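Taken in order, these protein sequences are the chains called C and S. Just add 545 to wherever you are in the first sequence, counting from 1, and you've got my numbering. Just add 204 to wherever you are in the second sequence, counting from 1, and you've got my numbering. Glycine is no exception: its CB is placed at the ideal position from the N, C-alpha and C atoms. None of these values were measured; they are calculated from a predicted model. Notes follow once the structure below has been shown.
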Amino acid sequence: MTALLNIAGLTANYGDFQALFGVDLTLNAGETVAIIGANGAGKTTLMRAITGIVRAASGVIALEGAPISKLAAPDVLMAGVAMVPEGRKLFPSLTVEENLLIGAHARKVAGPWNLEAIYDLFPILKERRLSPGTALSGGQQQMVAIGRALMSNPRVLLCDEISLGLAPVIIRDIYAAVPKIKASGASMIVVEQDIGQALKIADRVYCMMEGRVTLTGTPATLSREAIHDAYFGVSA
Amino acid sequence: MIWMDTLVQGILLGGLYALFAAGLSLVFGIMRLVNLAHGDLIVLAAYLILGVMGALGLHPFVAVLIAAPVMFCVGWLLQTYVLNRVLGEDILPPLLVTFGLSVVIQNGLLETYSANSQKLTAGPIEAQSLQFGPIAVGVMPLLTLASAVAVIFALNQLFYRTALGRAFRATSDDATTVQLMGIRPSNVFAMATGIAMVVATIAAMYLGTRANFDPSIGPARLLYAFEAVIIGGLGSLWGTLAGGIVIGVAQAFGAAINPEWQILSGHIAFVLVLLLRPRGLFPRAND
Ligand SMILES: Nc1ncnc2c1ncn2[C@@H]1O[C@H](COP(=O)(O)OP(=O)(O)OP(=O)(O)O)[C@@H](O)[C@H]1O
Ligand SMILES: [Mg+2]
């Protein structure tokens, strides 16, 4: 059986600077995979390469066997890969509800997610539906960003640091949604610097450092030391 | 009472300027592009209406219905094959390209139609007027203002009430993130310029029925349009209507004092508004 998303030997550059060096990663249907790694490890670049915002220089990205690495970003979304971008990136000129609706602007497919389902997942958004998206608190904005990505009923959902800059109680609220999203059948890649949080929600974990995958495994089999070494580099 | 009459004529003239400006305002609001060929595209549309009238023997009000979709396509193609290629961080390339386009359109029209002035003849309606107490109001100027209000209203509905308008606003906010929504900024921009050219065609019809036109008058229309947009506040469509009216009223009063002062008074009003309110009358909050 082919994986839902298969990445092999992926490299990507920003001008002369190489940010990814032959990354291999698989995501099976229904799985939640976490990617951990220090600042600058290349996690966001990997997410951007999957979505086509950054061009893959070489390597393979395949969705159910079909190559998507040459597609422009809008076509990757149409193929069923949605992203909650780092820093949320809500549209300031749009209300909360419009920010959600625009998630389904181009890709309108039947599925578990629609406005009502998003408001069930994050009831506070329904109360704030007519406010400008960027008038909300950081945690609420993150909920909008997650809802916006879900609105396209993606086959693969990429979440880039959805806990970034949020207070612990808020992070707990946000992460409470992850099992519900998983239960809807979504397959997810969750980028997270908070290792504890990542181990809690993931079926499998990848650790990245300096543009490479340095460790993969299931949360149960990964030792604290192995993660430490893969995360920070082996200290002599 | 003469002042009252001047004010009314100025407001009505402002409707025409608002029509010149509405397309410019829409395009600027979405892609931060000042199309220096906007006035020449209006003149091009006027010649197109003239051509349709001549070929099919139609009234300008009907000819505009044929010219408008053609101009939509012109705008769409122009954006897709020319302007999208030069849009970017640097604002200079699009300015240079649209300036070049302005020269090309003017010379193309001059070659094709000569420098002779033309007019779109609308028949008896041109001479009709309505009497409001002591003030006589021409039917055509009244229709012009009514069209301007209708166009601005329609553009606002489009911008704030439709899925396309949502895509316009989102693309204007963040042309990268919008691609994660499956939206291609280049297509959004092409739609916007197409719509701007439809508005330009409506403006062209009123321009051509009101007075003579020739291939050289585009840049001055651009200037009025640009001033109206700036006075109103960048990105505000109702502001653009107000800006057109400010210029129209200033020109009418200038002309009432001395006919030679008409154009100058409009420019003076522009400078005065900018001195008092550098961001225009109705600046958009998040600019
Ligand atoms: N637009 C860019 N231009 C040039 N270099 C970039 C750009 N974006 C990222 N980089 C570099 O690429 C490398 C990987 O960055 P990336 O953002 O992918 O890391 P990350 O793992 O997401 O880090 P963080 O945890 O801070 O979000 C870093 O060295 C970074 O400086
Ligand atoms: Mg990152």
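Is Thr405/S buried or exposed, if buried means 16 or more other CB atoms sit within 10 Å of its CB? Sequence index remark: in the second sequence, residue 405/S carries index 201 (1-based). Buried is the call here.
Would you say Gly587/C touches ligand 1, meaning its beta carbon is less than 7 Å from a heavy atom? What you label residue 587/C is simply residue 42 of the first sequence in a count that begins at 1. When distances are taken from the beta-carbon of Gly587/C to the heavy atoms of ligand 1, the shortest one is below 7 Å.
Taking Pro328/S as the reference, give the member of His471/S, Val256/S, Val238/S, Pro264/S with the closest Cα. The sequence position of residue 328/S within the second sequence is 124, counting from 1. Cα-wise, what sits closest to Pro328/S is Pro264/S.
Count the other CB atoms, across all protein chains shown, that sit within 10 Å of the CB of Asp491/S; report buried if there are 16 or more and exposed otherwise. On the second sequence, residue 491/S is found 287 positions in, with the first residue counted as 1. Any reading at Asp491/S needs caution, since the residue's pLDDT is 45, under 50, leaving its predicted position unreliable; the model's value is listed next. With fewer than 16 neighbouring CB atoms inside 10 Å of its own CB, Asp491/S falls in the exposed class.
When the distance is taken between beta carbons, is Ala396/S closer than 8 Å to Leu223/S? Within the second sequence, residue 223/S is the residue found at index 19, counting from 1. Within the second sequence, residue 396/S is the residue found at index 192, counting from 1. With respect to the 8 Å criterion, Leu223/S and Ala396/S are not classified as neighbours on the basis of their beta carbons.
Put Leu217/S into one of helix, strand or coil per three-state DSSP. Here residue 217/S corresponds to residue number 13 of the second sequence, with the count starting at 1. In the three-state DSSP reduction, Leu217/S falls in the helix class (H, G or I).
Considering only residues of the same chain and omitting the five flanking positions on each side of Ala579/C, which have a CB-CB separation below 6 Å? For the purposes of this step, residue 579/C is identified with residue 34 of the first sequence, where counting begins at 1. Same-chain partners within the cutoff: Val735, Glu737, Ala743, Ala747, Val750.
Can you give me the start and stop residues for the alpha helix (DSSP H) that Gln322/S sits inside? As a working mapping, residue 322/S is identified with position 118 in the second sequence. Neither: Gln322/S is in no alpha helix (DSSP H) and is coded neither H nor E.
Extent of the continuous alpha helix (DSSP H) to which Asn659/C belongs: Stepping through the first sequence from its first residue, residue 659/C is reached at position 114. Run containing Asn659/C: none; DSSP gives neither H nor E here.
Say the cut is 7 Å; is the CB of Asp739/C nearer than that to a heavy atom of ligand 2? In the first sequence, the residue the question calls residue 739/C occupies position 194. Incorrect: Asp739/C has no Cβ contact closer than 7 Å to ligand 2.
Are there any heavy atoms of ligand 1 lying less than 7 Å away from the beta-carbon of Glu706/C, as far as the coordinates show? Stepping through the first sequence from its first residue, residue 706/C is reached at position 161. Yes.
Could one say the Cβ of Met628/C lies closer than 8 Å to chain S's Cβ atoms, at least one of them? Here the question's residue 628/C lines up with position 83 in the first sequence. True, the Cβ-Cβ gap to chain S drops below 8 Å.
Taking one C-beta from the region 760-776 of chain C and one from the region 405-414 of chain S each time, how about it: are there three or more such pairs within less than 8 Å? The region 760-776 of chain C, when compared against the region 405-414 of chain S, does not touch it at the 8 Å Cβ threshold.
Alpha carbon to alpha carbon, how far is Arg628/C from Asn573/C? Translated into positions along the first sequence, residue 628/C becomes position 83. Translated into positions along the first sequence, residue 573/C becomes position 28. Strictly speaking, residue 628/C in this sequence is Met, with Arg absent from that position. C-alpha of Met628/C to C-alpha of Asn573/C: approximately 17 Å in a straight line.
Which of the three DSSP states is assigned to Thr413/S in this structure? As a first step, residue 413/S must be located in the second sequence, where it is residue number 209. In the structure shown, Thr413/S sits in a helix (DSSP, three-state: H, G or I).
Please look up how many angstroms separate the CB atoms of Ile663/C and Gly692/C, rounded, as I've assumed it's under 8 Å. Residue 663/C sits at position 118 when you count from the first residue of the first sequence. Residue 692/C sits at position 147 when you count from the first residue of the first sequence. The C-beta distance from Ile663/C to Gly692/C rounds to 4 Å, short enough to meet the 8 Å contact threshold.
Please determine whether the Cβ atom of Thr556/C lies at a distance below 7 Å from any heavy atom of ligand 1. Along the first sequence, one-based indexing puts residue 556/C at 11. Not so, every heavy atom of ligand 1 lies at least 7 Å from the Cβ.
To be precise: take each residue of the region 363-396 of chain S, compare its Cβ to all Cβ atoms of chain C, and keep it if any distance is under 8 Å. Which residues remain? Residues Ala367, Arg370, Ala371, Arg373, Ala374, Ser376, Asp377, Asp378, Thr380, Thr381, Val382, Gln383, Leu384, Met385, Gly386, Ile387, Arg388.
Val626/C: first and last residue of the uninterrupted beta strand (DSSP E) it sits in: Stepping through the first sequence from its first residue, residue 626/C is reached at position 81. It spans 626-629 - the beta strand (DSSP E) in which Val626/C sits, taken as one unbroken run.
In the DSSP output, what is Leu555/C paired with across the bridge? In the first sequence, the residue the question calls residue 555/C occupies position 10. According to DSSP, Leu555/C shares a beta bridge with Val568/C.
In chain order, which continuous runs of the alpha helix (DSSP H) of length 4 or greater are located wholly inside the region 563-614 of chain C? Qualifying alpha helix (DSSP H) stretches, in chain order: 588-596.
For Asn698/C, does the count of other Cβ atoms within 10 angstroms reach 16, so buried, or fall short, so exposed? Counting from 1 along the first sequence, the entry for residue 698/C is found at position 153. Label assigned to Asn698/C: buried.
N-terminal and C-terminal residue of the beta strand (DSSP E) that Val341/S is part of: Against the second sequence, residue 341/S aligns to sequence position 137. Segment 339-342, the beta strand (DSSP E) holding Val341/S.
Candidates Ile613/C, Ala651/C, Tyr720/C, Ser729/C: closest to Ile552/C by CA position: As a first step, residue 552/C is located in the first sequence; it is residue number 7 there, counting from the start. The residue with the shortest Cα to Cα distance from Ile552/C is Ile613/C.
Rounded to the nearest angstrom, what separates Val701/C and Leu570/C at their Cα positions? The residue given as residue 701/C occupies position 156 in the first sequence. The residue given as residue 570/C occupies position 25 in the first sequence. For Val701/C and Leu570/C, the distance between alpha carbons rounds to 14 Å.
So does the region 476-490 of chain S actually touch the region 432-440 of chain S, counting three or more Cβ pairs closer than 8 Å? Contact between the region 476-490 of chain S and the region 432-440 of chain S is present, because at least three Cβ pairs lie under 8 Å.
Specify the secondary structure class of Phe265/S as computed by DSSP and reduced to three states. For the purposes of this step, residue 265/S is identified with residue 61 of the second sequence, where counting begins at 1. In the three-state DSSP reduction, Phe265/S falls in the helix class (H, G or I).
Check for me: the beta strand (DSSP E) holding Arg652/C runs from which residue to which? Within the first sequence, the letter at position 107 stands for residue 652/C. That residue, Arg652/C, is in no beta strand (DSSP E); it is neither H nor E in DSSP.
Could you tell me if Trp280/S is buried or exposed, where buried requires 16 or more neighbouring beta carbons within 10 angstroms of its beta carbon? By 1-based counting over the second sequence, the position of residue 280/S is 76. Classified as buried, Trp280/S has 16 or more neighbouring CB atoms from the shown chains inside 10 Å of its CB.
Short Cβ contact (8 Å threshold) for Ile246/S with His650/C: Translated into the one-based positions of the second sequence, residue 246/S becomes position 42. Translated into the one-based positions of the first sequence, residue 650/C becomes position 105. Contact flag unset, no.
Can you tell which of Val654/C, Ser729/C, Pro630/C has the C-alpha that lies nearest to the C-alpha of Gln686/C? Numbered from its first residue, the first sequence carries residue 686/C at position 141. Ranking the options by Cα distance to Gln686/C, first place goes to Pro630/C.
Below 7 Å on C-beta distance, what does Met592/C contact in chain S? Locating residue 592/C in the first sequence gives position 47, counting from the first residue. What Met592/C touches in chain S, judged by beta-carbon distance under 7 Å, is nothing: the nearest beta carbon there is about 10 Å away.
Any beta carbon of chain S sitting closer than 8 Å to that of Arg700/C? Counted from its first residue, the first sequence places residue 700/C at position 155. Not flagged as an interface residue toward chain S: Arg700/C, since no C-beta distance is shorter than 8 Å.
Residues that Ser638/C contacts on chain S, provided the C-beta gap is smaller than 8 Å: Within the first sequence, numbered from 1, the residue matching residue 638/C stands at position 93. Those are Arg373, Ala374, Ser376, Asp377, Asn490, listed as they occur along chain S.
Distance, Cα to Cα, Lys653/C vs Leu622/C? Here residue 653/C corresponds to residue number 108 of the first sequence, with the count starting at 1. Here residue 622/C corresponds to residue number 77 of the first sequence, with the count starting at 1. Going by the C-alpha atoms only, they are around 11 Å apart.
If you follow the beta strand (DSSP E) that Ile734/C is part of, which residue opens it and which one closes it? As a first step, residue 734/C must be located in the first sequence, where it is residue number 189. It spans 732-736 - the beta strand (DSSP E) in which Ile734/C sits, taken as one unbroken run.
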